[in-house]
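Here's the structure we're looking at; comments come further down.
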Amino acid sequence: MKPVDLVISGGRLVSPDAIASQSIAVDAGKIVGIGTTEQMPPAREQIDANGLYVLPGAIDVHVHFREPGFAHKETWTTATQAAAVGGITTVFDMPNTNPPTSSVEALVQKIAIAERQAIVNFGIYGNIGEHNRDQLKPMVEAGAVSFKLYMGSENPLVPCPPDGAILDAFDVLAGLGIRCTVHAENTPILMWRGERLIRSGRRDAAAHLEQHSDIATIEAVSRTAIFSEWTGCKVHIAHESTRHSLPHIRFAKQRGVDITVETCPQYLFLSTDDGARLGPNFLRVKPPVREPGHKEPLWQALVEGTIDILSTDHAPHLREEKLRDPIWDCAPGFPGVETSMRLMLTEVSRGRLTLPQYVRMACSAPAKAFGLYPRKGTLAEGADADIVLVDMNKREIIKADRLHSIGNATPYEGFEVTGAPVRTIVRGKTVAMNGQPIGEPGWGRNVARVS
Ligand code: NCD
Ligand code: ZN
Ligand code: ZN
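Be aware that the sequence shown starts at -1, since it is given in our numbering, and climbs by one per residue.
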């Protein structure tokens, strides 16, 4: 038999349905065989995965890698190093950069930045604005993977378009068959309440929660589903944060709306109770980490599949930006790509979910929702060799200063985790090992372009 590039033998392969002891042969960046050790061809590189689980690389459809415009918070090099160490082999980057990714020109600029630096695969979101409808199709042709709608926005770089413009954009995306990811909050509620709270002199962390009340999300999730139903545009709800959305999501799915939903570790592991530990302003994120009582229903919805996808909303900021006072000046969001898999594996080891369920929400469901399946999101012959080896016995303590992101202000400081990715492989090449990134900048490819 002709030798192949790589054989990974002795591990337990995890799919959404099963765990099976099998070996994998990889050649030219693709999986070319799965079978017993005896069935494996000779290989130039052998990896012994005895005692380890073998997962498809995680696909994180919601990250903010900050370039161009905010390289003091994060660069594509540091962010993709963090992702690789976190077991994430594909990321989709959000358009709230400077310039925002609202035109072909801005898209091409960002793709060039990512191509030079990335050590994992990437997709780039185009932004839906009030005046860029003519750019949507050209952006797809220029390599955008999907689109982002800031339905809840106070950011002048990516303002919320009026509903009429949203409907028109959804018509265009329906014709292109592209799913639109939505930050689903009601902007007029955010603006009205924000101004009222500021005028009344509020500067405390609780005012952020009052501004981003559950109703702002519930209404926007429902409106997104109705607009999707009307136009036929597939939609994806970003960072679901409240248990009160769940009945509306279930109703939309029951009536056949093509809607997928993600949540993120901050809504599963944190509540306002963590404000005491972290300092109250530190917790600021949009939408907010809410009162105790949301985590459990969100977990249940994720495990049962009402919430389809686990993403991170990796939104790094400098520590001093996270500690600012009043609350309105505190930068919202947290880094997430390096800690997400570790936190989730810890819950696997505690029995809250199974490894196959984790693979469904972190690998196969995102690949299916965004048209990458079965090229990505599965360990199968013909798929890209994006693979993660996981040691379920590895114990670590999360420390901000060990993370690879520049904006490393993690809310999980001191968390003890059990289970970690120990080797991350992107298209057949190891890009991270035992917590260290080793991939070459530029190895990552745009997934919207078939390589
Ligand atoms: C994000 C950011 O910092 O870019 N912040 C956040 O609180 N989630 C923006 C966003 O996702 O809305
Ligand atoms: Zn958002
Ligand atoms: Zn985000």
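Quick reminder that beta carbons are idealized off the backbone N, C-alpha and C, glycines included. Only a predicted model underlies this, so the values are computations on that prediction, with no experimental measurement involved.
Going by C-alpha distance, which of the options is nearest residue i?
i: Pro1; options: Pro40, Leu147, Pro98 and Leu155; result: Pro40
i: Thr78; options: Ser403, Ala418 and Ile423; result: Ser403
i: Ile6; options: Met38, Pro14 and Asp15; result: Met38
i: Gly103; options: Val138, Thr88, Trp74 and Arg393; result: A small fix is needed here, since residue 103 is Glu in this sequence, not Gly. Here the closest residue by C-alpha is Val138.
i: Ala112; options: Phe145, Pro245, Thr76 and Gly84; result: Thr76
i: Leu453; options: Glu294, Ile45, Arg282 and Thr310; result: Outside the modelled stretch of the chain, which goes from -1 to 449, sits residue 453, for which no answer is possible.
i: Glu208; options: Met359, Trp326 and Thr34; result: Trp326
i: Val429; options: Gly9, Arg10 and Gly27; result: Gly27
i: Thr229; options: Ser243, Asp212, Gly175 and Ala182; result: Gly175
i: Gly412; options: Glu36, Arg400, Gly405 and Asp169; result: Arg400
i: Ala81; options: Ile117, Pro98, Ile109 and Val52; result: Ile117
i: His315; options: Glu289, Val24, Glu336 and Ala407; result: Ala407
i: Asp212; options: Thr240, Phe280 and Asp256; result: Thr240
i: Tyr371; options: Gly84, Lys427, Lys397 and Val445; result: Val445
i: Glu289; options: Leu308, Thr310, Asp311 and Leu266; result: Leu266
i: Ala329; options: Ala16, Arg42, Val335 and Phe68; result: Phe68
i: Pro97; options: Pro154, Gln434, Pro324 and Trp441; result: Pro154
i: Ile196; options: Leu4, Pro324 and Ile109; result: Pro324
i: Ala313; options: Cys231, Leu296 and Val335; result: Val335
i: Asn94; options: Gly85, Ala110, Gly127 and Arg114; result: Gly127
i: Ile456; options: Ala16, Asp256 and Pro409; result: The question about residue 456 has no answer here: the residues shown for the chain are numbered -1 through 449.
i: Val255; options: Asp166, Pro286 and Thr222; result: Thr222
i: Arg42; options: Glu36, Ala23, Asn48 and Tyr51; result: Ala23
i: Cys231; options: Arg421, Gly8, Met(-1) and Val170; result: Val170
i: Arg317; options: Ala163, Asp271 and Gly405; result: Gly405
Here's the rule I'm using: 16 or more other beta-carbon atoms within 10 Å means buried, otherwise exposed. How should residue i be labelled?
i: Ser449; result: Unreliable positioning characterises Ser449 in this predicted model, as indicated by a pLDDT of 46, which lies under 50. A coordinate reading is not provided.
i: Glu238; result: buried
i: Glu438; result: exposed
i: Gly173; result: exposed
i: Glu72; result: buried
i: Asp306; result: buried
i: Asn249; result: Checking the displayed sequence, the identity of residue 249 turns out to be Phe instead of Asn. Exposed, by the Cβ-count rule.
i: Ala18; result: exposed
i: Gln20; result: buried
i: Gln252; result: exposed
i: Glu217; result: buried
i: His292; result: buried
i: Arg425; result: buried
i: Gln434; result: exposed
i: Gly440; result: exposed
i: Pro54; result: buried
i: Ile109; result: buried
i: Ser198; result: exposed
i: Gly380; result: exposed
i: Ala363; result: buried
So what does residue i bridge to, in DSSP terms?
i: Gly124; result: Phe145
i: Gln44; result: Val5
i: Asp25; result: Lys28
i: Glu260; result: Ile307
i: Ile385; result: Pro54 and Ile423
i: Thr179; result: Lys146 and His234
i: Ser19; result: Arg10
Tell me, please, whether the CB atom of residue i is closer than 8 Å to any CB atom in chain B?
i: Phe68; result: Of the protein chains in this structure there is only one, and it is not chain B.
### Query
Taking the runs of the beta strand (DSSP E) that are 3 residues or longer, which of them lie wholly in the region 387 to 438?
414 to 424 and 427 to 431
### Query
Is there contact here, the region 330 to 343 with the region 384 to 397, by at least three beta-carbon pairs under 8 Å?
yes
### Query
For the region 249 to 266 against the region 201 to 216, are there 3 or more C-beta pairs whose distance is under 8 Å?
no
### Query
Does the region 290 to 307 come close enough to the region 348 to 365 that 3 or more CB-CB pairs lie under 8 Å?
yes
### Message
Is it the case that the region 143 to 158 contacts the region 115 to 135, given that we only count it when at least three CB pairs across the two stretches are under 8 Å?
### Response
yes
### Task
Let me know the alpha helix (DSSP H) ranges lying completely inside the region 270 to 306, each 4 residues or longer, listed in chain order.
273 to 276 and 293 to 302
### Query
Below 8 Å, can you find three or more Cβ-Cβ pairs linking the region 332 to 341 to the region 415 to 422?
yes
### Query
Hey, is the region 90 to 98 in contact with the region 47 to 65, meaning 3+ C-beta pairs nearer than 8 Å?
yes
### Message
Does the region 28 to 37 come into contact with the region 62 to 69, if we say contact requires no fewer than three beta-carbon pairs (one atom in each stretch) closer than 8 Å?
### Response
no
### Message
To test your reading of the DSSP string, which unbroken alpha helix (DSSP H) runs of 4 or more residues are found completely within the region 188 to 232?
### Response
203 to 209 and 212 to 229
### Query
For the region 47 to 126, which segments carrying the alpha helix (DSSP H) assignment without a break, of at least 4 residues, lie completely within its bounds, in sequence order?
74 to 83 and 102 to 115
### Task
Pair every Cβ in the region 145 to 154 with every Cβ in the region 186 to 195, then say whether three or more of these pairs are closer than 8 Å.
yes
### Task
Scan the region 347 to 375 and note each continuous alpha helix (DSSP H) run of 4 residues or more that stays entirely inside, going in chain order.
353 to 357 and 363 to 367
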